[in-house]
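These notes concern the structure reproduced below.
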Amino acid sequence: MSAALKSWLSCVAITVAVVSIHACQRSELARTQTELQPRTQSLQMMEDLIYQKSDPKPSPELLPEDVVKIQLNALKHNDEKNHGIAIAYRFASPENRLHTGPLERFIRMLHNPLYAPMLNYDTEELGAMKKDEQRAEQKVMLIDKNGRAYTYLFLLSKQQEGDYQGCWMTDGVINLTAERQKEMARQQERQQLKMTAAEKQVILDSLFEQLKAAESEDAAAFIENLIWELWLISEQEEVNALMAKGIEEMSRGNYARAVQAFSAITELSPDFPEGWNKRATAYYLKGDFAASMRDIQRTLALEPRHFGALTGLGLIYTALGNELAALKAYESVLSIHPKQKGLQKYVEELRRKLGFRQM
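Quick note: to get the numbering used here, add 139 to the position in the sequence shown (first position is 1).
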């Protein structure tokens with residue numbers, strides 16, 4: 140046998156031995172994984188049992204991420220008696236409870252389609268938490284047992300007073316999946332309603348005529364909504380995106396951020412009335428009446444029929460104690476929108492209070 144052949148056979152033998160070793164290692168790894176799987180499942184079951192026997196309550200020692208995990212676990216293990224929802228309710232802030240109502244109403248809310256995917260979900264994925272000393276936001280993706288994914292945003296704050304002082308609690312939970320679907324629908328509507336400024340003005344003129352002639356408050360409210368839809372739409376997509384952002388920030392109480400978004404609109408499109416009106420609203424909610432009144436005047440200069448801006452002017456004068464000026468603003472609203480819900484009655488009461496005779 141030649142030396143070369145002997146060398147080749149030796150290499151083959153070594154290769155076979157290495158392959159055999161690798162095969163044994165793979166077999167051992169597979170066996171180990173098989174053994175570990177039930178152990179992992181057992182550990183999860185043990186954790187679930189420990190959780191189900193625990194009785195978590197708000198505490199200054201709990202971090203905001205702890206609060207989110209406790210509420211998620213509670214909802215994941217919710218039972219027919221809604222014990223899980225009851226635990227989640229414990230961590231709802233007093234402000235949250237003010238809006239959602241008692242536990243019975245909170246339970247009904249969690250069972251509606253907007254929040255039902257949070258109950259008895261399969262797995263969760265937590266994003267990075269954004270927080271400062273007083274507020275926190277946690278984005279969470281929940282996967283249900285059918286593999287469908289839902290994204291929620293937990294809004295938390297550290298309580299400053301009362302029985303829960305120093306405790307992190309949840310102010311609200313937003314279904315981001317539903318919000319995205321709504322925004323897509325709004326974008327589609329905007330695309331369908333896309334028109335030139337001249338076309339928009341023709342439609343608005345017609346709607347204002349119908350608004351003035353409306354025979355009932357319900358009919359007027361329907362026309363009013365159509366007018367608001369047209370007011371909110373810009374020919375510039377960037378303006379529409381900023382408008383959506385500003386409205387969202389305003390709904391969350393982030394008035395300074397809302398002002399920033401609406402200010403960007405006034406710079407991009409200074410002839411767009413709703414940019415000024417929305418910033419006026421944000422300033423009003425922020426308590427800056429002088430800035431709000433300046434923006435209202437800009438709104439009315441661009442759209443004198445803006446009943447929303449005139450109503451805001453009346454609210455500011457009322458807050459400042461100038462009821463006569465408020466009355467004039469509200470009467471201007473009625474000259475444009477005679478059937479605005481509840482306003483006619485309020486104006487009549489205000490006129491009596493100020494000593495005016497009814498016409």
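We treat Cβ as the ideally placed atom computed from N, Cα and C, and that holds for glycine.
Judged by pairs of C-beta atoms under 8 Å, the stretch 250-269 touches the stretch 283-294, as three or more such pairs exist. Nearest in C-alpha terms to A400, of all of D410, Y394, L381 and N416, is L381. When C-beta atoms of the stretch 336-353 are compared with those of the stretch 378-398, fewer than three pairs fall below 8 Å, so the two segments do not count as touching. The three-state reading of DSSP puts S345 in helix, counting H, G and I together.
The stretch 217-233 and the stretch 196-208 touch, with three or more beta-carbon pairs separated by less than 8 Å. Every beta strand (DSSP E) stretch that sits fully inside the stretch 234-321 and reaches 3 residues is listed by chain position as 262-265, 274-282, 288-297 and 307-314. Per DSSP, I362 is one residue of the alpha helix (DSSP H) stretching across E356 to L371.
One thing to note: L441 has its Cβ within 8 Å of the Cβ of P412. Within the same chain, Cβ atoms closer than 8 Å to the Cβ of N235 are found at M308, T309, D310 and G311, the five residues on either side in sequence being excluded. Between E300 and A383, the CB-CB gap reaches or exceeds 8 Å.
Counted as a single uninterrupted DSSP element, the alpha helix (DSSP H) harbouring T457 occupies residues F446 to A458. Counting other Cβ atoms within 10 Å of its Cβ, A468 reaches 16 or more and is therefore classed as buried. Secondary-structure assignment with DSSP links A231 through a beta bridge to T309.
DSSP, read as helix, strand or coil, puts G385 in helix.
When the five nearest sequence neighbours on each side are left out, the beta carbons in the same chain lying within less than 8 Å of the beta carbon of C306 are those of P197, S198, P199, L201, K297 and Q298, in order along the chain.
Taking C-beta atoms as the reference points, F245 and I226 fail to come closer than 8 Å. K208 and K484 have their alpha carbons spaced roughly 50 Å apart. Between A336 and E374, the CB-CB gap stays under 8 Å. In this structure, R444 keeps its C-beta atom at 8 Å or more from the C-beta atom of L466. Below 8 Å, enough C-beta pairs join the stretch 455-466 and the stretch 419-429 to call them touching: three or more. Nearest to E263 by C-alpha distance, out of A324, K278 and L253, is K278. One Cα belongs to N416, the other to I282, and the distance between them is close to 41 Å. One Cα belongs to E470, the other to N393, and the distance between them is close to 32 Å.
Spanning the alpha carbons of L369 and G266 requires a straight line of approximately 37 Å. By the Cβ-count criterion, V472 is buried, with 16 or more other Cβ atoms from all chains shown falling within 10 Å of its own Cβ. A468: member of the alpha helix (DSSP H) spanning E462 to I475, first to last residue. In the three-state DSSP reduction, P197 falls in the coil class, being neither helix nor strand. For G414, the uninterrupted alpha helix (DSSP H) run begins and ends at P412 to K425, by DSSP. With fewer than 16 other Cβ atoms from the protein chains shown falling within 10 Å of its own Cβ, P409 counts as exposed.
Distance between T450 and Q273, taken at the CA atoms: about 34 Å. In this structure, P203 places its C-beta atom within 8 Å of the C-beta atom of A275. Counting only residues of its own chain and dropping the five nearest sequence neighbours on each side, T239 has a CB closer than 8 Å to the CB of A231, F245 and M248.
In the DSSP assignment, P203 falls within the alpha helix (DSSP H) that extends over P203 to K215. In this structure L493 is in contact with L463, their Cβ atoms being roughly 6 Å apart against a cut-off of 8 Å.
Going by DSSP, D434 is part of the alpha helix (DSSP H) stretching over F428 to L441.
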